[in-house]
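Its first residue numbered 1, the sequence shown is counted upward by one per residue in full-length UniProt numbering.
By construction, the Cβ of each residue, glycine as well, lies at the ideal position given by its N, Cα and C atoms.
First up is the structure itself, then whatever we jot down about it.
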Amino acid sequence: MTFRGKWALITGASSGIGEQFARQLAKQGAHLVLVARSKSKLESLAAELRTSYGIKAEVIPKDLAEQGAPGEVYRQCKLLDLDIELLVNNAGFATHGLFDQLSGVRQHEEVMLNVAALVDMTHMFLPDMLRKSSGTVINVASTAGFQPLPYMAVYGATKAFVLSFTQALWWENRDRGIRFFALCPGATDTGFFNVVGAEEAAVGKKETPEKVVAAALRSLEEGKVFVVPGMQNYLGAQLSRFITRKQGLRLVGGMLRPRGGTGTPQNAGNPSDLAGNR
């Protein structure tokens with residue numbers, strides 16, 4: 001499997017896991033479409049990768065949480081006559097605290113970015129891949145997708161959706177030349193927790209984005225459906241198989257309970273530039 005000379009589109013590409021996908025794919029010779037909110041960060045990264053690896057790189061600044069944004073990204077790719085053969089749905093963010101005391105607007109944006117935008121991007125780019133019987137879709141889920149998360153209820157539910165959605169589409173497309181793959185990292189050393197607004201959400205040792213993305217590309221090469229990078233994260237993801245649902249809720253709820261009260265009512269940050277990487 002090689003991505004040399006092929007076009008890869010990466011959302012949330014300006015930092016963290018998304019930036020590492022861009023760097024590692026560019027090193028393999030892939031051409032890039034970089035999508036995130038921060039135009040200046042994207043342009044700087046694109047210029048660096050063009051110079052370092054001799055690849056082509058296009059920049060599409062867009063907040064994918066906005067209604068219709070995925071369609072605008074797709075249309076821009078068509079206007080540029082770009083044939084996307086690898087789609088990396090990476091953009092996402094989390095909220096932390098009591099559900100009823102967090103901003104309803106913010107949590108709606110969380111669902112729109114983590115779920116709706118990912119579904120829309122996949123639905124738009126998949127038919128072009130199917131016409132050629134060739135293509136790959138990588139969806140960034142999380143270890144959060146393996147069990148409910150008290151105090152991060154919406155985030156955990158969105159990542160459970162991403163994992164289930166990806167596995168289902170893997171089965172639907174397994175004989176059609178299209179590969180679907182879910183990356184399920186645990187705590188990763190990115191700006192993710194600055195947006196969450198609570199360090200207690202960082203359960204376990206933080207992995208580097210470089211290792212997380214390397215594990216994803218290696219597992220994709222091996223034909224796996226998903227990967228949980230790191231043995232500790234993998235074992236944590238399997239815990240729900242050996243304890244009751246109530247025991248799991250008690251354990252996870254104790255770890256994620258806000259230390260300062262009810263949680264951050266309105267998290268700050270630039271969500272479309274971050275990966276759902278917890």
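- When the beta-carbon positions are compared, PRO70 and ASP120 come within less than 9 angstroms of each other.
- Looking at the DSSP output, ALA36 sits in a beta bridge with PRO61.
- When the beta-carbon positions are compared, ALA116 and ALA141 stay at least 9 angstroms from each other.
- As computed with DSSP, VAL88 is found in a beta bridge with ILE10 and ILE138.
- Rounded to the nearest angstrom, the gap between the Cα atoms of LEU126 and ARG250 is 40 angstroms.
- Following the DSSP letters along the chain, one finds ARG179 inside the beta strand (DSSP E) bounded by residues 178–183.
- The DSSP-derived three-state label of HIS96 is coil.
- In this structure, the alpha-carbon of LEU256 lies about 8 angstroms from that of MET152.
- Here THR188 carries a strand assignment [DSSP, helix/strand/coil].
- VAL228 carries a coil assignment under DSSP once its states are collapsed to helix, strand and coil.
- Taking a contact to require three or more Cβ pairs closer than 8 angstroms, the segment 90–106 and the segment 51–61 do not qualify as touching.
- Distance from the CA of TRP171 to the CA of VAL162, rounded to the nearest whole angstrom, comes to 14 angstroms.
- If you draw a straight line from the Cα of ALA91 to the Cα of LEU239, it is about 27 angstroms long.
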